[in-house]
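Participant: Residue numbers (the numbering used here), protein chains in the order written: chain A, 612 to 932; chain B, 470 to 539. Ideal Cβ placement from N, Cα and C applies to all residues, glycine included. The structure under discussion is supplied below as structure tokens; questions concerning it will follow.
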């Protein structure tokens, strides 16, 4: 998993080259449609280049911004009148980044429906497993990579559950043999509290599921832990997440589940799954998990339901089973 | 009418500077920076998403059945 930072100089170079190629097209796209704020951000930079390098375009091109209603996945036009502006035009649709390709595909479909004569597409960044490959693009990144461009600040990552508070002084460490004698984490669930670090170490070293257990540590105190394994269907299973009772309410649970998502993403998993206690099924649904049709797990009188959530990744969807 | 490029060059602010904001903390949602995650039928930033999910996990730890050895 690589994080790419594309600075102002590089973006300008990509866009200058793009414009040089664009003006060779016949017919020249004379209606430009930036998609979402990311496309509009790119267009702002293009405007500066047009003014200097291609002043002949100034009087021949008009702009019709496109937006996506992410809840309904419907394409809309932020200004103008598509039924009057699009018919017969050669259209350029541009976006800053293409991840899954679904937005770009929808935008193309929409302008074609409105009667565009030709459609050309561009994105500065393209994910390699996107379902949509544009006419031209700047650079391609791997499916688990991330790219930042034209930012005023470069964000750091941190172990934190909320941006308002400073990050707590904690770290995460994969359980190792030396830590088997650490104090237990008492979370209040018997089936978890009786498991020793030795048991977890044994699971990691010799278990069939190739589990990994990570400890959330503040100096030498274990605040909580996370255990995961991967299935051959590329699901990452969260076997355990628990926080010591005395550390509840400080955001540490959020750190662990966020780290679980990071692990799922960097391991190229298609989904993350966990057993949610029956009373919490509705809550997990609200947060993007769906119930998997499987018999509930009964543990010491409590019923747990298998839930699954797709990992944020491009180009693919997963089934419910 | 679509915006003539000439007009846009003279006034780039006709393009939007704004986007969707997190309904909890108000941060401007940018997928690669703040994250965009679904909470019910609206999008929130990753920080708010994990904060809420984390609170639930603290109260109800995630458990899976395990084979006991020994």
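#1: Within 10 angstroms of the Cβ of residue 887 of chain A, are there 16 or more other Cβ atoms? Answer buried if so, exposed if not.
#2: Would you list the one or two residues that DSSP bridges to residue 685 of chain A?
#3: Express the C-alpha separation of residue 841 of chain A and residue 788 of chain A in angstroms, rounding to a whole number.
#4: Looking at residue 505 of chain B and residue 497 of chain B, is the spacing between their C-beta atoms short of 7 Å?
#5: By the three-class DSSP mapping on this structure, what secondary structure does residue 900 of chain A have?
#6: Between residue 718 of chain A and residue 744 of chain A, how many whole angstroms is the CB-CB distance? I'm expecting something under 8 Å.
#7: So does the stretch 849 to 869 of chain A actually touch the stretch 512 to 524 of chain B, counting three or more Cβ pairs closer than 8 Å?
#8: Taking only three categories from DSSP, how would you classify residue 800 of chain A?
#9: Please classify residue 803 of chain A: is it buried, with 16 or more other beta-carbons within 10 angstroms of its beta-carbon, or exposed?
#10: Just mark residue 920 of chain A as buried or exposed, buried being the case when its beta carbon has 16 or more other beta carbons within 10 Å.
#11: Determine which residues of the stretch 503 to 518 of chain B have a Cβ less than 9 Å from any Cβ of chain A, and write them out in chain order.
#12: Run through DSSP, which three-state label would residue 928 of chain A get?
#13: For my contact list, residue 488 of chain B and residue 648 of chain A are in at a C-beta cut-off of 8 Å; report their separation, rounded to the angstrom.
#14: Could you check where the alpha helix (DSSP H) with residue 515 of chain B kicks off and where it finishes?
#15: How big is the Cα-Cα spacing for residue 897 of chain A and residue 667 of chain A?
#16: CA-CA distance, residue 479 of chain B and residue 623 of chain A?
#17: Show which residues of chain B have a CB atom less than 8 Å away from the CB atom of residue 824 of chain A.
#18: Classify residue 610 of chain A as helix, strand or coil using the three-state DSSP reduction.
#19: Would you list the one or two residues that DSSP bridges to residue 507 of chain B?
#20: For residue 940 of chain A, which residues of its own chain have a beta-carbon under 6 Å away from its beta-carbon, when the five flanking residues on both sides are left out?
#21: Does chain A have any CB closer than 7 Å to the CB of residue 493 of chain B?
#22: Counting Cβ pairs, one atom from each stretch, are 3 or more of them under 8 Å apart for the stretch 729 to 748 of chain A and the stretch 828 to 846 of chain A?
#23: Apart from the five residues on each side of it in sequence, which residues of its chain come closer than 6 Å, Cβ to Cβ, to residue 908 of chain A?
#24: In chain order, what residues of the same chain lie with their CB nearer than 7 Å to the CB of residue 680 of chain A, ignoring the 5 residues before and after it?
#25: Is the distance from the Cβ of residue 612 of chain A to the Cβ of residue 784 of chain A below 7 Å?
#26: Please report the straight-line C-alpha distance between residue 660 of chain A and residue 872 of chain A, rounded to a whole angstrom.
#27: By Cβ distance, which residues of its chain are closer than 8 Å to residue 632 of chain A, with the 5 residues on each side in sequence left out?
#28: Quick one: which residues of the stretch 887 to 915 of chain A get their C-beta closer than 7 Å to a C-beta of chain B? List them in chain order.
#29: First and last residue of the alpha helix (DSSP H) that includes residue 877 of chain A?
Facilitator: Short version:
#1: Buried, since its Cβ has 16 or more Cβ neighbours within 10 Å.
#2: Beta-bridge pairing links residue 685 of chain A to A:680.
#3: Approximately 22 Å, taken between the alpha carbons.
#4: No, the pair does not count as a contact, with Cβ atoms beyond the cut-off.
#5: DSSP places residue 900 of chain A outside both helix and strand once states are collapsed to three, so it counts as coil.
#6: A Cβ-Cβ separation of about 14 Å leaves residue 718 of chain A out of contact with residue 744 of chain A under the 8 Å criterion.
#7: Yes, the stretch 849 to 869 of chain A touches the stretch 512 to 524 of chain B.
#8: Coil, per DSSP.
#9: Answer is buried; the Cβ neighbour count reaches 16.
#10: The residue in question, residue 920 of chain A, is buried, as its Cβ has 16 or more Cβ neighbours within 10 Å.
#11: So the close ones are 503, 504, 505, 506, 507, 508, 509, 510, 511, 512, 514, 515, 516, 517, 518.
#12: Low local confidence applies: a pLDDT of 42 at residue 928 of chain A is under 50, so the model's placement there is unreliable, with the coordinate-based value given in what follows. Coil.
#13: Their Cβ separation, rounded to whole angstroms, is 4 Å, which keeps residue 488 of chain B and residue 648 of chain A in contact under 8 Å.
#14: Per DSSP, residue 515 of chain B is one residue of the alpha helix (DSSP H) stretching across 515 to 528.
#15: Cα to Cα, residue 897 of chain A sits roughly 52 Å from residue 667 of chain A.
#16: Spanning the two alpha carbons is a distance of roughly 20 Å.
#17: Counting only Cβ-Cβ distances below 8 Å, residue 824 of chain A has no contacts in chain B at all, with the closest Cβ about 12 Å away.
#18: Absent from the model: residue 610 of chain A. The displayed extent of chain A is 612 to 932, so no value can be given.
#19: Looking at the DSSP output, residue 507 of chain B shares a beta bridge with B:512.
#20: Not covered by the structure: residue 940 of chain A. The range shown for chain A is 612 to 932.
#21: At least 7 Å separates the CB of residue 493 of chain B from every CB of chain A.
#22: In short, these stretches do not touch, since the Cβ pair count stays below three.
#23: Only 886, 915 meet the Cβ criterion.
#24: Taking residue 680 of chain A as the centre and dropping the five residues before and after it, the same chain places the C-beta of 687 closer than 7 Å to its C-beta, in chain order.
#25: No, Cβ-Cβ distance for residue 612 of chain A and residue 784 of chain A is not below 7 Å.
#26: Taking the straight line joining both Cα atoms gives about 40 Å.
#27: 747.
#28: Cβ contacts with chain B come from 888, 891, 894, 897, 898, 899, 908, 910, 915.
#29: Counting along the chain, the alpha helix (DSSP H) containing residue 877 of chain A begins and ends at 863 to 877.
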